[in-house]
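385 is the number that my numbering gives to position 282 of the first sequence; each next residue is one higher, with no gaps.
Backbone N, C-alpha and C define an ideal beta-carbon position, used for all residues, glycine too.
Values in this document were obtained by computation on a predicted structure and should not be read as measured data.
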Amino acid sequence: MMMDLRRGPWTVEEDFTLINYIAHHGEGRWNSLARCAGLKRTGKSCRLRWLNYLRPDVRRGNITLEEQLLILELHSRWGNRWSKIAQHLPGRTDNEIKNYWRTRVQKHAKQLKCDVNSKQFKDTMRYLWMPRLVERIQAAAAAGANSSTAARATAATATTTSNSNYHQGNTSMVADVGSGGQVILPQASTYGGHSFTAQFSPVSDLTDCYNYPVKQSNNQDYYQANNQLSYGETLTSPTGYFNQALDFHLMEQNNAWMDGGDVSDNLWNDEDAWFFQQQLNSNTFN
DNA sequence: AATCCTGACAACCGCTATCTA
DNA sequence: TTAGATAGCGGTTGTCAGGAT
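In structure tokens form, the structure reads like this:
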């Protein structure tokens, strides 16, 4: 018999039914689960809802600087292997990372009228945005050690050292990811060479997510109290830098220093445009 | 106030890989 | 060995909220 299946957004009742059923019977065998739970959904839909939204360990809300850096790095390494990338961002789903990539990163490519897979765009990401992110992470970490007032000053005066010696093949200038998904941050000084003057725009698309209000999800309603994840374990550097300074919960608190930012859509500053143009004009990166 | 536009993200679809009887 | 069921992945679409006009 063909049962009429529901589609579209899940209701609170459906969520509750699914959560209750899984709590008592466990997950898996999604088609029969859907039937037995009395949900008029496909097993596939139930699975997706559970994995992407209802699971207790789903981490929701803003993508942090560290996560952005990881995503950029891992995507440059693996491409659109969302699931694989998600494995290195505890609590984040492949769907969420995919959405982040499409809405934030691909938007830049679109603005530059270039392909997101083009060498120019990839180099811009690798040699400009990623070092910039590292700077911000470090600035935020420093801010965490001080008052929020001091933090603002730090951010305001920080200098983005980007690279003029990218062509020297210095691959250590970007955050590296260890085999276990560990982020290994280079020191800012290793970027060497070209020093840009404090140009990181307050609301580059790679950071402006901090200004978005955190959308409270049903999941948070259900699980907020239990959502205690330790990210220090998975994002550690050999020096313990992440352990000490980039604890995710601490970072979220520290991010308050950006909250006063202006949510304009000024995604590209002069530096970005200059950098991109340089690459269009020459094939320096080999 | 109404309409349009855009961004974010939830959900679906098609396909492949893996499992199991 | 094989066919059907299930799980998982990546691409795409739909929905909705908020901002702009």
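- prompt: Buried or exposed: where does D118 fall if 16 or more other Cβ atoms within 10 Å of its Cβ makes it buried?
  reply: Start at 1 with the first residue of the first sequence, and residue 118 comes out as number 15. Classification for D118: buried.
*Going by C-alpha distance, which of A242, G247, L175, R150 is nearest T227?*
In the first sequence, the residue the question calls residue 227 occupies position 124. If we check each option's Cα against that of T227, L175 comes out closest.
- Query: In whole angstroms, what is the alpha-carbon distance linking S186 and K222?
  - Reply: Counting from 1 along the first sequence, the entry for residue 186 is found at position 83. Counting from 1 along the first sequence, the entry for residue 222 is found at position 119. Each residue's alpha carbon lies about 24 Å from the other.
- prompt: Is the region 211-221 touching the region 155-170, taking contact as three or more C-beta pairs under 8 Å?
  reply: no
For G129, tell me which candidate among R235, G111, C149, A189 has the shortest Cα-Cα distance.
As a first step, residue 129 is located in the first sequence; it is residue number 26 there, counting from the start. Looking at the Cα atoms, C149 is the closest of the given residues.
- Taking C-beta to C-beta, are A189 and R195 nearer than 8 Å? Translated into positions along the first sequence, residue 189 becomes position 86. Translated into positions along the first sequence, residue 195 becomes position 92. Contact flag set, yes.
| message | Let's see if you can read the secondary structure: which residues bound the alpha helix (DSSP H) around N183? | response | Within the first sequence, residue 183 is the residue found at index 80, counting from 1. Per DSSP, N183 belongs to no alpha helix (DSSP H) and is neither H nor E.
Please state the DSSP three-state secondary structure of D107.
Counting from 1 along the first sequence, the entry for residue 107 is found at position 4. Coil.
Alpha helix (DSSP H) containing H127: first to last residue? Residue mapping note: residue 127 aligns to position 24 of the first sequence, counting from 1. First-last of the alpha helix (DSSP H) with H127: 115-128.
inquiry  = Closer than 7 Å to a non-hydrogen atom of the ligand GDP - does that hold for the CB of D226?
reply    = In the structure shown, the ligand GDP is absent, as is every other ligand, since no ligand is present at all.
Let me make sure I understand the geometry here. Which of H127, L136, V115 has the alpha-carbon closest to that of Y156?
By one-based count along the first sequence, residue 156 stands at place 53. Y156 has its Cα closest to that of V115, out of H127, L136, V115.
Query - Reduced DSSP secondary structure (H/G/I, E/B, other) of I166 - result: Along the first sequence, one-based indexing puts residue 166 at 63. Three-state result, I166: coil.
- Task: Could you check if P159 is buried or exposed, using at least 16 other CB atoms within 10 Å of its CB as the buried criterion?
- Result: By one-based count along the first sequence, residue 159 stands at place 56. Label assigned to P159: exposed.
Nearest CA to the CA of N183: which residue from R144, G164, V219, L215?
Residue 183 sits at position 80 when you count from the first residue of the first sequence. Nearest C-alpha to N183: V219.
So, are the CB atoms of R144 and L108 less than 8 Å apart?
Position 41 of the first sequence, counted from the first residue, corresponds to residue 144. Position 5 of the first sequence, counted from the first residue, corresponds to residue 108. The answer is yes: Cβ separation under 8 Å.
Quiz item: Who are the Cβ neighbours of S135 in its own chain at under 8 Å, not counting the five residues just before and after it?
Solution: One-based indexing of the first sequence puts residue 135 at position 32. Excluding sequence neighbours, S135 sits near G146.
Q) Does DSSP put G335 in a helix, in a strand, or in coil? A) In the first sequence, the residue the question calls residue 335 occupies position 232. Only weak support exists for where G335 lies, its pLDDT of 33 falling under 50; the coordinates are left without a value.
Notebook entry, point to check: Is the Cβ-Cβ distance between L215 and F224 less than 8 Å?
Noted result: Here residue 215 refers to the residue found at position 112 when the first sequence is read from its first residue. Here residue 224 refers to the residue found at position 121 when the first sequence is read from its first residue. A contact, by the Cβ cut-off of 8 Å.
Exercise. Residue range of the alpha helix (DSSP H) that R152 falls in?
Worked result: Here residue 152 refers to the residue found at position 49 when the first sequence is read from its first residue. Run containing R152: 146-152, per the alpha helix (DSSP H) assignment.
Element boundaries [alpha helix (DSSP H), containing D226]: Counting from one through the first sequence, the residue named residue 226 turns up at place 123. Here the alpha helix (DSSP H) through D226 covers 222-227.
Work out the CA separation of A126 and P193 for me, nearest whole Å.
Translated into the one-based positions of the first sequence, residue 193 becomes position 90. Translated into the one-based positions of the first sequence, residue 126 becomes position 23. The straight-line gap from Cα to Cα measures roughly 21 Å.
Practice item. Report the three-state DSSP secondary structure of P159 (helix, strand or coil). Key: For the purposes of this step, residue 159 is identified with residue 56 of the first sequence, where counting begins at 1. Three-state result, P159: coil.
Open item on the list: Quick check: the Cα distance between E199 and T206, rounded to an integer number of angstroms?
Closed with: Position 96 of the first sequence, counting from 1, holds the residue named residue 199. Position 103 of the first sequence, counting from 1, holds the residue named residue 206. Each residue's Cα considered, the two are about 10 Å apart.
DSSP state of W206, grouped into three classes?
-> Taking the first sequence and counting its residues from 1, one reaches residue 206 at position 103. The sequence given here places Thr at residue 206; Trp does not occur at that position. Correct three-state label for T206: helix.
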